[in-house]
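Down below is the structure, laid out as structure tokens.
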Amino acid sequence: MQTPVSLFASGPAISAPEVAVEEKTALPATEVHAPAVDSSVIEISSVEVSTSGGLSSLEAKAATCRLCSLAETRTQVVFGTGNPSADIVFIGEAPGRDEDLKGEPFVGRAGQLLDRMLSAIGMDRNQVYIMNTIKCRPPNNRDPKIDEVQACNLWFEQQLALLQPKVICLLGRVAAQTVLETDAPLGSLRGHWHNYQGMPVWVTYHPAYLLRSPTQKQKSWQDLQQLVSRYREIKG
Ligand code: SF4
Numbered sequence: 001m002q003t004p005v006s007l008f009a010s011g012p013a014i015s016a017p018e019v020a021v022e023e024k025t026a027l028p029a030t031e032v033h034a035p036a037v038d039s040s041v042i043e044i045s046s047v048e049v050s051t052s053g054g055l056s057s058l059e060a061k062a063a064t065c066r067l068c069s070l071a072e073t074r075t076q077v078v079f080g081t082g083n084p085s086a087d088i089v090f091i092g093e094a095p096g097r098d099e100d101l102k103g104e105p106f107v108g109r110a111g112q113l114l115d116r117m118l119s120a121i122g123m124d125r126n127q128v129y130i131m132n133t134i135k136c137r138p139p140n141n142r143d144p145k146i147d148e149v150q151a152c153n154l155w156f157e158q159q160l161a162l163l164q165p166k167v168i169c170l171l172g173r174v175a176a177q178t179v180l181e182t183d184a185p186l187g188s189l190r191g192h193w194h195n196y197q198g199m200p201v202w203v204t205y206h207p208a209y210l211l212r213s214p215t216q217k218q219k220s221w222q223d224l225q226q227l228v229s230r231y232r233e234i235k236g
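Per UniProt numbering: the sequence shown = residues 1 to 236.
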């Protein structure tokens with residue numbers, strides 16, 4: 001058995017799942033109404049979003065979003081990165097300082113650990129898609145507020161509808177509680193499968209937490225092994 005400290009630095013190689021390369025079928029155009037946002041700065045209660053243009057079109061629209069007050073403090077919208085045809089999508093809570101500056105989710109030390117976690121299961125960023133529940137950095141990396149989550153759900157829902165992954169992996173308590181709409185602690189959400197819009201959902205630790213609590217890496221490794229095992233079953 002690996003020691004927790006060495007985990008992800010030299011994790012055992014397991015064969016990488018095949019990654020679909022075909023474009024997924026575009027969904028029909030839909031009109032989505034955003035929830036009313038309690039913001040003294042921005043008063044937008046609805047916006048029309050069409051998924052007919054695909055993920056890049058949705059990203060371009062999100063880039064100018066001002067549906068919540070985080071637009072006032074962000075540097076840029078951090079939409080997502082990776083393979084838009086990926087069958088596994090990893091979701092964190094929100095961009096941090098490095099992500100806000102670079103415009104890409106999971107950069108910096110936590111991002112480097114996520115890369116090692118992916119490598120440990122035989123993957124890299126070109127084979128998965130990585131995103132957050134909300135697209136703009138909350139000041140001082142605080143947890144996102146409910147009105148911010150509700151506003152950004154406009155983009156989140158459409159993004160996942162276009163990606164249509166076979167498996168979703170939620171990274172950390174905030175992402176898990178947000179997507180699964182629960183107050184349950186992370187410990188009770190790990191270890192069994194959930195569902196989001198018909199897609200199977202797995203929960204594990206956020207890489208930033210693992211940096212603070214490296215003794216949890218062994219549990220994280222077990223989570224990833226179960227994630228890949230289920231993914232292989234689904235892929236057949
Ligand atoms: S966090 Fe989401 S809803 Fe708020 S401004 Fe950014 S993209 Fe728009």
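Just so it is clear, CB atoms sit at the ideal spot from N, CA and C, and this is done for glycine as well.
- The closest heavy atom of the ligand SF4 lies less than 6 angstroms from the beta carbon of residue 67.
- In this structure, the alpha-carbon of residue 225 lies about 9 angstroms from that of residue 120.
- Collapsing the DSSP output to three states places residue 169 in a strand.
- A residue is called buried when at least 16 other Cβ atoms come within 10 angstroms of its Cβ; residue 185 does not meet this threshold and is exposed.
- Bounds of the beta strand (DSSP E) holding residue 130 are 129-132.
- Look at the stretch 183-220 and you find these whole runs of beta strand (DSSP E), each 3 residues long or longer: 194-196, 199-204.
- Not one heavy atom of the ligand SF4 falls within 6 angstroms of the beta-carbon of residue 175.
- Between residue 231 and residue 167 the beta-carbon gap is near 5 angstroms, inside 8 angstroms, which marks them as a contact.
- Taking 7 angstroms as the cut-off, the beta carbon of residue 137 is found closer than this to the beta carbon of residue 74.
- When distances are taken from the beta-carbon of residue 77 to the heavy atoms of the ligand SF4, the shortest one is below 6 angstroms.
- Beta-carbon to beta-carbon, residue 100 and residue 128 are separated by about 22 angstroms, too far to satisfy the 8 angstroms threshold.
- Under the DSSP assignment, residue 89 falls in the beta strand (DSSP E) whose first and last residues are 88-92.
- Residue environment for residue 173: buried (at least 16 other C-beta atoms within 10 angstroms of its C-beta).
- Separation of residue 183 and residue 145 (C-alpha to C-alpha, rounded to the nearest whole angstrom) is 14 angstroms.
- Non-local C-beta neighbours of residue 82 in its own chain, meaning closer than 6 angstroms and more than five positions away in sequence, comprise 125, 128, 129, 130, ordered along the chain.
- The bridge partners DSSP lists for residue 81 are 130.
- The alpha-carbon separation between residue 196 and residue 222 amounts to approximately 22 angstroms.
- Separation of the CB atoms of residue 62 and residue 155 is rounded to 5 angstroms, and the pair is thereby assigned contact status at 8 angstroms.
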